[in-house]
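Please read the structure below before turning to the comments.
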Amino acid sequence: MSLTTQPRSRRETGVDPSPLGMPLPHGLASVPRLDPDGPAPTRKDYASDQEVRWCPGCGDYIILNTVQAFLPALGLRKENIVFVSGIGCSSRFPYYLDTFGMHSIHGRAPAIATGLATARPDLSVWVVTGDGDALSIGGNHLIHALRRNVNLTILLFNNRIYGLTKGQYSPTSEQGKITKSSPVGSVDTPFNPVSLALGAEATFVARSLDNDRAHLGEILKAAAAHRGTALVEIYQNCPIFNDGAFDAIKDRDQQAARLVHLVHGEPVRIGAEPSRQVLVRVADGALRFVAEAEAAGAGEVVVHDAHADDPSQQFALSRLDGAGMTQVPMGIFRQVERPTYDDGVRAQIDAAVTTAGGPADDADLHALLAGKDTWTVE
Amino acid sequence: MALPWSAAGYPATSEVTMTNDTVTRPAPTRLRRVVIRFAGDSGDGMQLTGDRFTAETAGVGNDLSTLPNFPAEIRAPQGTLPGVSSFQLHFADHDVLTPGDAPDVLVAMNPAALKANLADLPRGATLIVDTDEFSARNLAKVGYAASPLTDGSLDSWHLHPVPLTSITVEALAGFETLSRKDKERAKNMFAFGLLSWMYSRPMETTKAFLQSKFGAKPDILAANIAAMEAGWSYGETTESFATAYEVAPAPMPSGTYRNITGNTALAYGLVAGAHRAGLRLVLGSYPITPASDILHTLSGLKRFGVMTLQAEDEIAGIGIALGASFGGALGVTSTSGPGLALKAETIGLAVSLELPLVIIDVQRGGPSTGLPTKTEQADLLQAMFGRNGEAPVPIVAPRSPADCFDAAIEAVRIATAYRTPVVVLSDGYLANGSEPWNLPDIAALPDLTVEFATERNGVDESGRPAFHPYARDPKTLARPWAVPGTAGLEHRIGGIEKADITGNISYDPDNHQRMTDLRQAKVDGIASTIAPLAVDDPSGDADVLVIGWGSTYGPIAAAAREVRAGGGRVATAHLRHLAPFPANTGDIVRGYRRVLVPEMNGGHLALLLRARFLIDAQSYARVRGLPFTTGELVDAILATTESA
Ligand code: SF4
């Protein structure tokens, strides 16, 4: 018998190195692909038989629909997709997808997913988490997954409240927020998840909005294609405990004036014609939106560079929005390539096994147990 | 004079008289057993010296047992009592069960080492001290008003005052490239050479060891070897060391042996278990004393496909292991008591998920940080009950350093066959202690082949084929292990109560009762696959049963042997499985008038035996951070026998 280097059930199938037409290295490069000539899966194939139990009107429904509609486009075998979640409303997500799934414990999904993704390069591993799950009880696992750059995609549903425990302030709730546990207002300073991720050495950081299905779909596509940890913050409305938290940027009249759509290689703009403004770096280094016509005289126009290795400008963009949600950046803040943790772990093992001339057998194990100092008793 | 390793491999020990130019030596005196303790400052290399002496002793064919004892601080202030590190070795021409109650020989490298260890040294025993270290300043550091070497306070011992440091430096006079400090550092090898002469140990393998350690630094290598030779010659030529001793090989079952510590044996057992199961071993671990050596050892075994992920914390360590198990690997996490506390919630999740997982707890003194480098058995109840809800977990405990190998394989067997987390309770003594190990035949190790689920195993409400993740094997009650990547078996598991069979979320009261019962029945059922509890009762009519678990095996067996040698009658039994207990445990403990339970905790097993079997078990519970001595257990047994 030999030591298997892969679980026996893993099938080595031909892999299209470039699903979604993205350049290598691709986040799904080692995951088996569907037969291109076979029947194309539909969104229905990804819906489980379980009744969805979020409150009516919850933003989670739209996200679920978007993900169910998006997954067939990955072209993967659904048995090679795994959703791992923690605890919270959003963490019920895996039950509603007909893939492999684990609804784990509070905050720990990134750690569990790290073990899974490292042991199994043939899986597309997704983490579904919330602001309390990922940023409070699980903050440590989140930042370490990001710095290690494990090949997984983390969807962080940010509703700025604890929903499942019925309405306490969360680490993303605004200061002064009145909740059940902060009757005279929260004194906590909130996290900005995008800033946090950028500070934690993340290689892919994006933000989207629950009800903008087209935008979310695009972001998910890029996140899945990213090799390494992709963090997608999704602003999600909780109509029960924090209704309207994102109304200011959902309202069609106000949206254009408040959203900053980040596009790599493009100037950073806000607003619609004729009052469109562009972001410039003024003399003292600060970033300021000015009318497009006046940009030339005001300073250097800021062009978004999501691929820049130095995250300083990406970080500055993540800080544009204050408490008032007046200039909210959406899209991909950062998208850089860096060797992934799981590839590194596997490469070390492969190198050791190759150097030794193949998988270890009984004789190799015996030699290990014997070590260097043995003696014989007749 | 022939160098010891260039001579015929082994110093002459027969009736032949060894001679050299100046002294005529009698043949070595035969001894049946010897206990040596090397003690010095943390920086004096006592652990290395002890390890090497152990290796040579093992090579001679003696049976042996070791007890390293070192401070939690990496380098406590030099020359102080907290900085004392020691290594005790017991070797004999018969089977050795413990590292020995009290040393026959104490090597004290400084006043602190003398002061910290003298109380353990029986009067008349041999004491070798490095007189160079007995300066006024060093004496003052440990509160000696006058030098014990000269004030007569050591008159009851056989004192050898040796200026170890200065002789070493002198012997290395020719090494011009080395500083005085470098030369002084070799004094442990001088002491090693001296003791090797005294006890007729060959030094070849240590020479080879030094070569591999210092091969890149030829000066240091040569100096260490020269210091070693000088120590040997010093013993041979100095009047005060009149006699050398020898201890004949112990009769041991035939086979190839090596010396092994508990942590190494555990790591190797996990690798062997994974090998026999055909699974990849994935360790998720956070560094913690005294378990870190398991992480170190496994991280060097990439050639065996072993993945080690050093996690950001204890919780992530077990989370990584559980994630890997979900993916079809053998997930393992290693820790000590404080880490086990942090992992409790994830162990509960693994109980609910019913996935294989091995949790190694190398117990240390507690509560809280406690005594990180000292041994204790006070995590038994934590392992058994330390989770929310009804969360039964099998517990396996090794009883000696080499037995850690078999215990690890047993844990892998239970985890994979029953799809359950398993706790292995080792401890600080087993972790760092060592003994000879008869190497196993790999092919004869248990076949732990695992079958993953490949097919749908039921039908849904409308009669279509479906996969039921909680449909159980009727014999083991284990659920199918269906790993991602298996078409048609897509399913969701989690920590919310599962519906029997389908695994869907269920809040149904009857279902919760049923699932709770099933999880308990599954663990209880393991008892049908483990050996019945064996009793050692040579007289056949003992009134007292001494029952223990884990690392107390050696001291209990040694004490029973001594009681029996003195004409006493006592029975012993030792538990490898704490959960479930072997099926006959109740019958056995109820069969004796008195049951004595020695444990290095507050009486955990005694509490369990009382509760489970309604017997008046008597607890002998001590938490001194050290293994029991044979002597104290003899006293405890005799006291119990008298009252029986
Ligand atoms: S509490 Fe809020 S977040 Fe949770 S399900 Fe209800 S609406 Fe959604």
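The listed protein sequences derive, respectively, from chains S and V. Just so we're aligned: 105 in numbering that gives the first Met the number 0 is position 106 of the first sequence, and the numbers increase by one with no gaps anywhere. Just so we're aligned: 520 in numbering that gives the first Met the number 0 is position 521 of the second sequence, and the numbers increase by one with no gaps anywhere. In this text, a Cβ means the ideal position worked out from N, Cα and C, and glycines have one as well.
Return the chain-ordered ranges of every alpha helix (DSSP H) run that is complete within the segment 190-231 of chain S and spans a minimum of 4 residues.
192-198, 212-224
CB of ASP509 of chain V to nearest heavy atom of the ligand SF4: below 7 Å?
Stepping through the second sequence from its first residue, residue 509 of chain V is reached at position 510. It does not: the Cβ of ASP509 of chain V is nowhere closer than 7 Å to a heavy atom of the ligand SF4.
Taking C-beta to C-beta, are VAL421 of chain V and ALA410 of chain V nearer than 8 Å?
As a first step, residue 421 of chain V is located in the second sequence; it is residue number 422 there, counting from the start. As a first step, residue 410 of chain V is located in the second sequence; it is residue number 411 there, counting from the start. In this structure, ALA410 of chain V lies closer than 8 Å to VAL421 of chain V by Cβ.
To the nearest angstrom, report how far apart ASP20 of chain V and VAL106 of chain V are at their CA atoms.
Walking along the second sequence from the start, residue 20 of chain V turns up at place 21. Walking along the second sequence from the start, residue 106 of chain V turns up at place 107. Note that ASP20 of chain V has pLDDT 45, beneath the 50 cutoff, so the model's placement of it is unreliable and no number is given.
Could you please give the first and the last residue of the uninterrupted beta strand (DSSP E) stretch that includes LEU278 of chain S?
Position 279 of the first sequence, counting from 1, holds the residue named residue 278 of chain S. Per DSSP, the unbroken beta strand (DSSP E) holding LEU278 of chain S starts and ends at 276-280.
Ends of the alpha helix (DSSP H) at ASN431 of chain V?
Indexing the second sequence from 1 puts residue 431 of chain V at position 432. 427-431 is the span of the alpha helix (DSSP H), which, as asked, contains ASN431 of chain V.
Partner residues on chain S for SER253 of chain V, Cβ-Cβ distance less than 7 Å
If you number the second sequence from 1, residue 253 of chain V lands on position 254. By Cβ distance, chain S contributes VAL376, GLU377.
Could you give the C-beta distance for SER146 of chain V and LEU158 of chain V, rounded to a whole number, given that I count them as a contact under 8 Å?
By 1-based counting over the second sequence, the position of residue 146 of chain V is 147. By 1-based counting over the second sequence, the position of residue 158 of chain V is 159. Actually they are not in contact, since the Cβ atoms of SER146 of chain V and LEU158 of chain V sit about 12 Å apart, beyond 8 Å.
Can you check DSSP and say which residues form a bridge with ARG333 of chain S?
Your numbering for residue 333 of chain S matches position 334 in the first sequence. In the DSSP output, where bridge partners are listed per residue, ARG333 of chain S has S:VAL204.
Along chain S, which residues have their Cβ under 7 Å away from the Cβ of ASP312 of chain V?
Numbered from 1 along the second sequence, position 313 holds the residue referred to as residue 312 of chain V. ASN139, listed in chain order.
Should GLU55 of chain V go down as buried or exposed, given a rule of 16 or more other Cβ atoms within 10 Å for buried?
Taking the second sequence and counting its residues from 1, the one referred to as residue 55 of chain V is at position 56. By the 10 Å Cβ count, GLU55 of chain V comes out buried.
Buried or exposed (CB count within 10 angstroms, at least 16 for buried), CYS54 of chain S:
Position 55 of the first sequence, counted from the start, is the residue given in the question as residue 54 of chain S. So CYS54 of chain S ends up on the exposed side.
The ligand SF4 heavy atom lying under 7 Å from the CB of TRP53 of chain S:
Position 54 of the first sequence, counted from the first residue, corresponds to residue 53 of chain S. Yes, the Cβ of TRP53 of chain S comes within 7 Å of a heavy atom of the ligand SF4.
Going by alpha carbons, who is nearest to ILE239 of chain S out of S:CYS88, S:HIS25, S:GLY26, S:GLY37?
Walking along the first sequence from the start, residue 239 of chain S turns up at place 240. Selected option, being the one with the closest Cα: S:CYS88.
For the segment 289-312 of chain V, which residues have a beta carbon sitting closer than 8 Å to at least one beta carbon of chain S?
Residues LEU300, LYS301, ARG302, PHE303, GLY304, VAL305, MET306, LEU308, ALA310, GLU311, ASP312.
Let me see if you follow: with CB-CB separation under 8 Å, is ALA359 of chain S close to chain V or not?
Residue 359 of chain S sits at position 360 when you count from the first residue of the first sequence. It does: the Cβ of ALA359 of chain S has a partner Cβ on chain V nearer than 8 Å.
Short check: CB of ALA294 of chain S to CB of VAL267 of chain S, under 8 Å?
Taking the first sequence and counting its residues from 1, one reaches residue 294 of chain S at position 295. Taking the first sequence and counting its residues from 1, one reaches residue 267 of chain S at position 268. Not closer than 8 Å, so no.
Anything in chain V within Cβ reach of ILE111 of chain S, meaning under 8 Å, just list it in chain order.
As a working mapping, residue 111 of chain S is identified with position 112 in the first sequence. Residues of chain V passing the Cβ test: GLY318, ILE319, LEU321, GLY322, PHE325.
Hey, ASP181 of chain V and VAL161 of chain V: beta-carbon distance below 8 Å or not?
In the second sequence, the residue the question calls residue 181 of chain V occupies position 182. In the second sequence, the residue the question calls residue 161 of chain V occupies position 162. Not in contact: ASP181 of chain V and VAL161 of chain V (Cβ atoms no closer than 8 Å).
When V:THR288, V:ALA610, V:ALA241, V:THR628 are compared against LEU96 of chain V, the one with the closest alpha-carbon
Here the question's residue 96 of chain V lines up with position 97 in the second sequence. Of the listed residues, the one whose Cα sits closest to LEU96 of chain V is V:THR628.
Evaluate contact between the segment 217-234 of chain V and the segment 396-404 of chain V, counting only Cβ atoms and requiring at least three cross-stretch pairs below 8 Å.
no
Buried versus exposed call for GLY268 of chain V [16 or more other C-beta atoms within 10 Å across all chains shown]
Against the second sequence, residue 268 of chain V aligns to sequence position 269. So GLY268 of chain V ends up on the buried side.
Between the beta-carbon of GLN362 of chain V and the beta-carbon of SER425 of chain V, is there less than 8 Å?
Locating residue 362 of chain V in the second sequence gives position 363, where the first residue counts as 1. Locating residue 425 of chain V in the second sequence gives position 426, where the first residue counts as 1. Yes, Cβ-Cβ distance for GLN362 of chain V and SER425 of chain V is below 8 Å.
Please find out if some non-hydrogen atom of the ligand SF4 comes closer than 7 Å to the beta-carbon of PRO238 of chain S.
Here residue 238 of chain S refers to the residue found at position 239 when the first sequence is read from its first residue. Checking every heavy atom of the ligand SF4 against the Cβ of PRO238 of chain S, one is found closer than 7 Å.
Taking 8 Å as the threshold, find out whether the segment 445-462 of chain V comes into contact with the segment 600-620 of chain V through three or more Cβ pairs.
no
Suppose you measure from the CA of LEU297 of chain V to the CA of ALA346 of chain S; what does that come to, to the nearest Å?
Translated into the one-based positions of the second sequence, residue 297 of chain V becomes position 298. Translated into the one-based positions of the first sequence, residue 346 of chain S becomes position 347. Approximately 16 Å, taken between the alpha carbons.
Can you have a look at HIS306 of chain S and say buried or exposed, based on whether 16 or more other CB atoms are within 10 angstroms of its CB?
By one-based count along the first sequence, residue 306 of chain S stands at place 307. Exposed, since its Cβ has fewer than 16 Cβ neighbours within 10 Å.
With hydrogens ignored, establish whether the beta-carbon of CYS88 of chain S is closer than 7 Å to any heavy atom of the ligand SF4.
For the purposes of this step, residue 88 of chain S is taken as the residue at position 89 of the first sequence. Yes, Cβ of CYS88 of chain S sits closer than 7 Å to a heavy atom of the ligand SF4.
Same chain, Cβ closer than 7 Å to GLY369 of chain V, five either side skipped, listed in chain order
As a working mapping, residue 369 of chain V is identified with position 370 in the second sequence. These residues qualify, in order along the chain: ARG363.
Alpha-carbon spacing of PRO250 of chain V relative to GLU496 of chain V, whole angstroms
Numbered from 1 along the second sequence, position 251 holds the residue referred to as residue 250 of chain V. Numbered from 1 along the second sequence, position 497 holds the residue referred to as residue 496 of chain V. Approximately 56 Å, taken between the alpha carbons.
Would you say CYS403 of chain V touches the ligand SF4, meaning its beta carbon is less than 7 Å from a heavy atom?
Reading the second sequence from its first residue, position 404 is the one you call residue 403 of chain V. Incorrect: CYS403 of chain V has no Cβ contact closer than 7 Å to the ligand SF4.
Can LEU163 of chain S be considered in contact with the ligand NAD, in the sense that its beta carbon sits closer than 7 Å to one or more heavy atoms?
Within the structure as shown, the ligand NAD is missing, the only ligands being the ligand SF4.
Local conformation of ALA616 of chain V per DSSP, three classes:
In the second sequence, residue 616 of chain V corresponds to position 617, counting from 1. DSSP places ALA616 of chain V in coil when its eight states are reduced to three.
State yes or no: is the C-beta of ILE529 of chain V within less than 8 Å of the C-beta of HIS576 of chain V?
For the purposes of this step, residue 529 of chain V is taken as residue 530 along the second sequence, with counting starting at 1. For the purposes of this step, residue 576 of chain V is taken as residue 577 along the second sequence, with counting starting at 1. In contact: ILE529 of chain V and HIS576 of chain V (Cβ atoms closer than 8 Å).
Does the Cβ-Cβ distance between THR415 of chain V and LEU321 of chain V come in under 8 Å?
By 1-based counting over the second sequence, the position of residue 415 of chain V is 416. By 1-based counting over the second sequence, the position of residue 321 of chain V is 322. Against a cut-off of 8 Å, the Cβ pair of LEU321 of chain V and THR415 of chain V comes out as no contact.
Check the C-beta distance from VAL149 of chain S over to ASP308 of chain S and give it rounded, since I have them as a contact under 8 Å.
Looking up residue 149 of chain S in the first sequence gives position 150. Looking up residue 308 of chain S in the first sequence gives position 309. No, VAL149 of chain S and ASP308 of chain S are not in contact; Cβ-Cβ is about 20 Å, not under 8 Å.
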